[in-house]
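Novice:
Chains as they are written, first to last, in the working numbering: chain A, 1 to 256; chain B, 1001 to 1680.
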């Protein structure tokens, strides 16, 4: 029996007033097991970013429940939310969100130092994680001195260094060129396989999604389809994704 | 009309951003009003004519200072409005893309400035009006006038002056804004906030060297104005330590920012605790770009602290000196000049002052009591230069312009003891071959002590006298407001027999003690003396009341101008700091949002923000305080003649001003920044 990390049960998110209601999320339910690498695909406006926001507690659901490791996070408030975010979740954003005043090392360390972890421990963990992500040589650099790929790997290091139950990635390859994207995704794959990190990634890019073990498609706030990689190769999985995307139609096609 | 509405909405919307701007404008107007309204406040006061003259002089000087102040405020307002435009670049960019012309945008800004100007003027004047009532109590207290009929006074002239000066300033701001907008490019407006910051890392060894070099320069400058102050011979030479101080302040800020960061980064336990690394980087990234303004602010604070504490202490000690240094009501002096050929005056030389007065129908016995007469003798061979003896060569190279040829004042011991008894000062005994010197002017005491230590003999009529004491004794004869007795030689009575009289003196109290009565006596006596002056006698008059009024007036004048300038400087520097800090807040907003996303507690974020702003405000203040310690010591030396000995209360007063104004700006900055970084 696999351990359930994330359980989303019948969540809805409405915007606007009663007279003009927008359903950004319309009754979505799914589960993510420990050690899974799940991609959520959808066109812009499909509700995928809203979905990520409510899971990451940046936004609140209108109804329904979200359980992370058995805890209902829709009930959390104030500093419990912050505590949850800093201890249970790791974030990777499209625009990296590194602090421009800090070096790579300090950016990564900050995630631990706000948990009041001792510097010796911080140093050891950073050594380990930077080897895994191949960014040892940029630790002393500032964000503006790094390439986009390096920045995103630093952000990834910051996200996983706290040993979060769930890593949330919002269009992590959105601002990267194809070579850097590939390198980052291979690192994600490595983190997922070797360190059994659970990753939930939002993307509109089929190539990026093909690195996941499962892809959930969202359209107009609802789950449209879901495919598993199973034992197929990455190339085969990519073709399957393209098929679904074609089926979905709309502007997701344009994005390809 | 549409544009007008837009402007009003803009002000409403950005009232939080404008808080500092408003606060500064209102304070500026209020203070401007208060100091210019003193004029009308004092008209109502019950003061003597001489005091009134001094108040008039003060008002004229305050009016002059106001021009300077308005200049500073003008610069400050332009700086502040530039900051506000910067913050709203994106908004203007959107207007431009929508097809609004630059002229229309300028018009919007014009309306905004107008509205803000009018509101701040009204509020400022109201606050100024209230404050000026307290001010008039302060003025009355300072000039020791009794407020027999206190009433609220609104100074129309000060109000009109405010309107004109600030109207001009706002007009300047409008022109400046229009120019600023017309020069803007659309692309910069839209993407103006996205310039990513480059952090230039400084070489630590280079920083250390720079720091050590300029800390040494600063140390030398400090020494020059304190320990080595005697080497400064004229006013121009004070420029050297000043320039040294300014330059080294700049480089100390420059190097210290790099060094401190380096030190803290190496203290890993501290650095990687909570948000410390973030706070320190925030600070250092900013100080890299703001070393220059930090220097300016630090120097302005330094001037503020020195001006406030010195001017307040002058006032304090002037009033306290009076009781001690002018113990009797009146002193008359009859000069015995050898180069006069009017027979009446020469005939008068032989009369005592008492006799002269009686001859001129002034009834001394009815009006004066405790009368003492004394003679001051001179000898052409007894000059300051001679009295310095062996130490003359050394002293004269150090102080070139001391009157070494001046004849020394000599008094016989019995006369001195009579005076000392009346004053309540110590009385002395001298043996036949002894002399002594009394003085109370510190620098002269030091010079004379050198000679006394060497047992410098005094030769009068071929008889030698030797100092009874190795140093000057504290004492004086003439009534005055300050410690200005540079030395009187006291000799045994037998020594003066063959000496010429330099002048004759008379000290007395009036028979009546009430202030009004004494003032009447003053006028009466002055009338008599003025009438005979240069006709039949050379008697001059000096009274306790006149000394008191002159010195209180002078003290008040210095205090008010000091207060005025000090407060304006304080406001300016605090406002610049606050605006600088707030202009960073849009960048900070991004950074704090990132911190929130990775799960930092609100409490931690607020703490970080607070510390960040606190460091930013404290850094220049701390250095300014260190500067001020030496600056005040220097002022103390310069103002020694005023008897600048009550520093503590005035330093406390200065601290209160700084805590209220500087602290107020600090709090507003914190609250505004907190609002700006708030997650919406």
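Where a beta carbon is used, it is the ideal one built from N, C-alpha and C, also for glycine.
All values reported here derive from a predicted model rather than from experimental measurement.
(1) Answer yes or no: does any C-beta atom of chain B fall closer than 9 angstroms to that of residue 123/A?
(2) Measure the alpha-carbon distance for residue 255/A versus residue 1666/B and round it to whole angstroms.
(3) Output the residue ranges of the beta strand (DSSP E) runs that lie fully inside the stretch 1420-1473 of chain B and measure 3 residues or longer, sorted by chain position.
(4) Quick one: grab the DSSP three-state call for residue 201/A.
(5) Provide the residue span of the alpha helix (DSSP H) that contains residue 78/A, from first to last.
(6) Rounded to whole angstroms, what is the Cα-Cα separation between residue 85/A and residue 1029/B?
(7) List in chain order: all unbroken alpha helix (DSSP H) runs of 4+ residues lying wholly within the stretch 1077-1114 of chain B.
(8) Cβ of residue 1278/B less than 9 angstroms from any chain A Cβ?
(9) Would a check of beta-carbon distances place residue 100/A closer than 9 angstroms to chain B?
(10) If you reduce the DSSP assignment to three classes, tell me which class residue 1627/B lands in.
(11) Would you be able to state if there are at least three C-beta pairs under 8 angstroms between the stretch 1265-1284 of chain B and the stretch 1603-1612 of chain B?
(12) State yes or no: is the beta carbon of residue 111/A nearer than 9 angstroms to at least one beta carbon in chain B?
(13) Where does residue 256/A fall in DSSP's three states?
(14) Looking at the structure shown, is residue 1303/B part of a helix, part of a strand, or coil, going by DSSP?
(15) Do you know offhand how far residue 1480/B's Cα is from residue 1547/B's?
(16) Anyone know if the C-beta pair for residue 1073/B and residue 1039/B falls short of 9 angstroms?
(17) I need the boundaries of the alpha helix (DSSP H) containing residue 56/A, first residue and last residue.
(18) Does any residue of chain B have a CB that is nearer than 9 angstroms to the CB of residue 137/A?
(19) By the three-class DSSP mapping on this structure, what secondary structure does residue 1483/B have?
(20) Quick check on residue 1475/B: does DSSP put it in helix, strand or coil?
(21) Does the stretch 1292-1305 of chain B come close enough to the stretch 1504-1511 of chain B that 3 or more CB-CB pairs lie under 8 angstroms?
(22) Can you tell me which of the three DSSP states residue 1/A falls into?
(23) Can you tell which of 34/A, 143/A, 39/A and 76/A has its C-alpha closest to the C-alpha of residue 54/A?
(24) Since residue 1669/B is in the alpha helix (DSSP H), which residue starts that stretch and which ends it?
(25) Can you tell which of 1561/B, 1670/B and 1004/B has the C-alpha that lies nearest to the C-alpha of residue 1585/B?
(26) What whole-angstrom Cβ distance do residue 1528/B and residue 1413/B have, given they're in contact under 8 angstroms?
(27) Expressed to the nearest angstrom, what Euclidean distance is found between the alpha-carbon atoms of residue 1494/B and residue 1454/B?
(28) Starting from the C-beta of residue 1274/B, find all residues in its chain whose C-beta is less than 7 angstroms away, skip the five residues before and the five after it, and write them out in chain order.
(29) Sort out for me which residues DSSP pairs residue 1333/B with in a bridge.
(30) Within 10 angstroms of the Cβ of residue 1099/B, are there 16 or more other Cβ atoms? Answer buried if so, exposed if not.
(31) Which residues does DSSP pair with residue 148/A in a beta bridge?
(32) For residue 1518/B, count the other beta carbons within 10 Å of its own beta carbon; 16 or more makes it buried, fewer makes it exposed. Which is it?
(33) Please state the DSSP three-state secondary structure of residue 68/A.
(34) Quick check on the DSSP output: the alpha helix (DSSP H) that includes residue 1386/B runs from which residue to which?
(35) Might you give, ordered along the chain, the residues of its own chain that have their beta carbon closer than 8 angstroms to the beta carbon of residue 1432/B, omitting 5 neighbours on each side?
Specialist: In brief:
(1) Yes, residue 123/A counts as interfacial toward chain B.
(2) Confidence in residue 255/A is poor, its pLDDT being 44 and thus under 50, which makes the residue's placement unreliable; the coordinate value appears in the next sentence. Distance between the alpha carbons of residue 255/A and residue 1666/B is about 50 angstroms.
(3) 1434-1439, 1458-1460 and 1463-1467
(4) strand
(5) 78-88
(6) 49 angstroms
(7) 1089-1097
(8) yes
(9) yes
(10) It is helical.
(11) yes
(12) yes
(13) Residue placement at residue 256/A cannot be trusted, given a pLDDT of 43 that sits under 50; the coordinates are not used to answer.
(14) helix
(15) 6 angstroms
(16) no
(17) Premise fails: residue 56/A is in no alpha helix (DSSP H) and is neither H nor E.
(18) No, residue 137/A does not count as interfacial toward chain B.
(19) coil
(20) coil
(21) no
(22) Any reading at residue 1/A must be qualified, since the residue scores a pLDDT of 49, below 50, and its modelled position is unreliable; no value is offered.
(23) 76/A
(24) 1647-1677
(25) 1670/B
(26) About 32 angstroms separates the two Cβ atoms, so there is no contact after all.
(27) 24 angstroms
(28) 1604
(29) Paired residue(s): 1505/B and 1540/B.
(30) The residue in question, residue 1099/B, is exposed, as its Cβ has fewer than 16 Cβ neighbours within 10 Å.
(31) In DSSP, residue 148/A forms no bridge with anything.
(32) buried
(33) strand
(34) 1384-1388
(35) 1492 and 1494
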